[in-house]
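Here's the structure, in structure tokens; my notes come after.
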Amino acid sequence: MSLRPTQAACFPETAPRAGGHLLVSAIIPTHNYGRYLTEAVQSALNQTYSHLEVIVVDDGSTDNTRELMQPLQDRVCYIRQEQRGPSAARNAGIKVARGELIAFLDADDVWLREKTTLQVAHLQGHPQVGLVCSRTGLMGCGAVAPGCGECAAGGNAWSLPAGLAFADLFLRHRNCIATSTVMLRGECLERVGMFDESLRRVEDFNLWLRIGRYYGIARLPQTLALHRYHGANLAASRSAMRRAVFVNLDRICALYPETRSVRRRVASRLYLKHGLQDLYERRPREARASIKAAICQHALNAPAYPLLLASYCPQSMLDAARALTRLGRRCTHAVKLSARQAPRTAGAAPLQR
Numbered sequence: 003m004s005l006r007p008t009q010a011a012c013f014p015e016t017a018p019r020a021g022g023h024l025l026v027s028a029i030i031p032t033h034n035y036g037r038y039l040t041e042a043v044q045s046a047l048n049q050t051y052s053h054l055e056v057i058v059v060d061d062g063s064t065d066n067t068r069e070l071m072q073p074l075q076d077r078v079c080y081i082r083q084e085q086r087g088p089s090a091a092r093n094a095g096i097k098v099a100r101g102e103l104i105a106f107l108d109a110d111d112v113w114l115r116e117k118t119t120l121q122v123a124h125l126q127g128h129p130q131v132g133l134v135c136s137r138t139g140l141m142g143c144g145a146v147a148p149g150c151g152e153c154a155a156g157g158n159a160w161s162l163p164a165g166l167a168f169a170d171l172f173l174r175h176r177n178c179i180a181t182s183t184v185m186l187r188g189e190c191l192e193r194v195g196m197f198d199e200s201l202r203r204v205e206d207f208n209l210w211l212r213i214g215r216y217y218g219i220a221r222l223p224q225t226l227a228l229h230r231y232h233g234a235n236l237a238a239s240r241s242a243m244r245r246a247v248f249v250n251l252d253r254i255c256a257l258y259p260e261t262r263s264v265r266r267r268v269a270s271r272l273y274l275k276h277g278l279q280d281l282y283e284r285r286p287r288e289a290r291a292s293i294k295a296a297i298c299q300h301a302l303n304a305p306a307y308p309l310l311l312a313s314y315c316p317q318s319m320l321d322a323a324r325a326l327t328r329l330g331r332r333c334t335h336a337v338k339l340s341a342r343q344a345p346r347t348a349g350a351a352p353l354q355r
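If you read the sequence shown in the working numbering, its first letter stands for residue 3, the second for the next number, and so on.
Here it is in structure tokens:
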């Protein structure tokens with residue numbers, strides 16, 4: 003049964019028709035993000051790839067979102083529903099989307115102009131890839147956002163075939179795919195289903211894992227989207243996010259029983275990651291609890307033991323160690339940069355006195 007029934011009534015009469023080109027459906031869920039929404043929608047409308055429809059799903063907003071969409075009613079499909087969360091909002095957009103390709107954009111993020119063109123070209127040239135993403139930058143500065151894109155193949159471009167994409171994402175259990183950079187084939191959703199509406203967080207990572215089991219996943223080297231950091235970000239609640247990560251872990255293990263044999267090892271890595279974050283943010287008591295949980299899950303997690311000792315050290319010592327680590331990284335980066343920029347001296351003419 004198709005996941006996307008025909009509901010064309012919401013589309014403007016001037017909605018683009020793909021013809022011989024692949025049609026891209028850009029889905030933008032929003033809840034009380036009217037202050038950012040117009041910029042996000044315009045970034046989708048301003049793409050260099052013209053065969054694109056924009057679908058805005060208003061998830062029960064109480065601000066001026068409806069009024070902001072009025073001037074764009076001839077260019078945007080606007081859907082309003084009762085508040086049910088981001089998963090349900092994205093799914094509502096998927097159900098009315100007419101494109102062969104689906105792209106997601108959070109209401110507080112923006113796309114750069116070449117995003118759709120480059121990703122469509124990659125999917126057309128690599129039929130084994132079901133999902134393509136990219137680097138993401140911080141809003142207004144273009145720096146690479148932390149935690150986005152550092153998977154098996156490093157911080158630049160990478161491509162993982164079906165199955166291996168799932169294994170790499172699951173074992174590392176680190177969501178290195180930013181939702182606003184994703185474009186995927188509609189057939190992926192027909193096979194693995196849409197977003198899990200029972201998950202209010204990490205619902206995106208849950209879907210990427212399911213897609214990676216049957217389709218290849220690739221990441222382009224370009225920065226094609228900008229993420230806006232602000233106090234209202236959904237991911238801002240640390241404790242809720244950590245709980246959701248473990249809920250998702252159990253959900254995936256229940257869906258794919260063969261992953262249960264490594265469940266404790268993955269959980270140990272997650273606890274250790276949380277402990278390291280707590281140490282960095284000067285919460286030694288919470289860090290000790292997380293690190294001890296990591297050891298309980300997998301006693302052979304060697305890095306956990308020195309970190310556990312570190313959690314008992316005075317905060318001044320930890321601050322000094324962190325400062326030295328930063329300095330070492332900067333020095334290493336400077337050496338590598340100078341080595342790349344230094345001219346080759348082999349065969350160079352002798353210096354003139």
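From the three backbone atoms N, C-alpha and C, an ideal C-beta is built for every residue, glycine too.
DSSP beta-bridge partners for residue i?
i: C79; result: I57
i: V134; result: M185, A220
i: T32; result: D60
i: F106; result: I29
i: A227; result: W113, T138
i: L162; result: I219
Rounded to the nearest angstrom, how far is the Cβ of residue i from that of residue j, given a contact under 8 Å?
i: F248; j: S182; result: At roughly 25 Å, the Cβ-Cβ gap does not stay under 8 Å, so F248 and S182 are not in contact.
i: S263; j: R290; result: The pair is not a contact, with the Cβ atoms about 28 Å apart (cut-off 8 Å).
i: R285; j: H175; result: Wrong, their Cβ atoms sit about 22 Å apart, outside the cutoff.
i: A296; j: Y273; result: 4 Å
i: A164; j: Y80; result: Between Y80 and A164 the Cβ distance is about 36 Å, and since that is not below 8 Å, they are no contact.
i: V56; j: I96; result: Contact flag wrong, Cβ pair sits at about 14 Å.
Look at the alpha carbon of residue i and the alpha carbon of residue j, and state the distance between them as a whole number of angstroms.
i: S340; j: T334; result: 10 Å
i: Q75; j: C135; result: 29 Å
i: S200; j: P88; result: 10 Å
i: F207; j: N177; result: 6 Å
i: I104; j: L125; result: 12 Å
i: Y282; j: A269; result: 20 Å
i: L1; j: L54; result: With the chain covering 3 to 355 only, the question about residue 1 has no answer from this structure.
i: F197; j: R92; result: 7 Å
i: Q49; j: V337; result: 39 Å
i: L310; j: A180; result: 31 Å
i: R287; j: S241; result: 15 Å
i: Y258; j: R202; result: 21 Å
i: G101; j: L186; result: 11 Å
i: G277; j: L191; result: 35 Å
i: H128; j: V122; result: 10 Å
i: N303; j: A90; result: 38 Å
i: K275; j: E69; result: 43 Å
i: M71; j: T118; result: 22 Å
i: I293; j: P308; result: 10 Å
i: A322; j: R331; result: 14 Å
i: L329; j: M319; result: 15 Å
i: C315; j: L166; result: 40 Å
i: E260; j: V184; result: 27 Å
i: A46; j: Q317; result: 47 Å
i: S239; j: Q279; result: 14 Å
i: G188; j: L173; result: 26 Å
Identify, in the order they occur along the chain, each residue of the same chain with its Cβ nearer than 7 Å to the Cβ of residue i, setting aside the five sequence neighbours on each side.
i: T67; result: T32, G36, L39, D60
i: E84; result: G62
i: R267; result: H300
i: H23; result: H53
i: G144; result: Confidence at G144 is low in this model, with a pLDDT of 42, below 50, so the placement of that residue should be treated as unreliable; the coordinate-derived value is given next. Counting only Cβ-Cβ distances below 7 Å, and skipping sequence neighbours, we find T225.
i: T64; result: N34
i: C298; result: none
Beta-carbon within less than 6 Å of residue i's beta-carbon, same chain only, minus the 5 sequence neighbours each way: which residues are those?
i: M141; result: L228, R230
i: D110; result: Y35, Y38, R230
i: T225; result: R137, G139
i: P148; result: Unreliable placement is indicated for P148, whose pLDDT of 43 sits below 50; no coordinate value is reported for it.
i: R265; result: C255
Are the beta-carbon atoms belonging to residue i and residue j less than 7 Å from one another?
i: V58; j: V26; result: no
i: V131; j: A220; result: yes
i: A159; j: L114; result: no
i: V112; j: A42; result: yes
i: A246; j: V194; result: no
i: I254; j: L133; result: no
i: L171; j: L211; result: yes
i: F168; j: R215; result: yes
Under 7 Å, Cβ to Cβ, is there at least one residue of chain D near residue i?
i: S340; result: Absent from the structure is chain D; it holds one protein chain and no more.
Please go through the same chain and pick out, in chain order, the residues whose beta-carbon is closer than 8 Å to the beta-carbon of residue i, but skip the five residues on each side of it.
i: T327; result: none
i: R86; result: D61, G62, E199
What do you reckon, is the C-beta of residue i under 6 Å from a heavy atom of the ligand GDP?
i: A304; result: The ligand GDP is absent from the structure shown, which contains no ligands of any kind.
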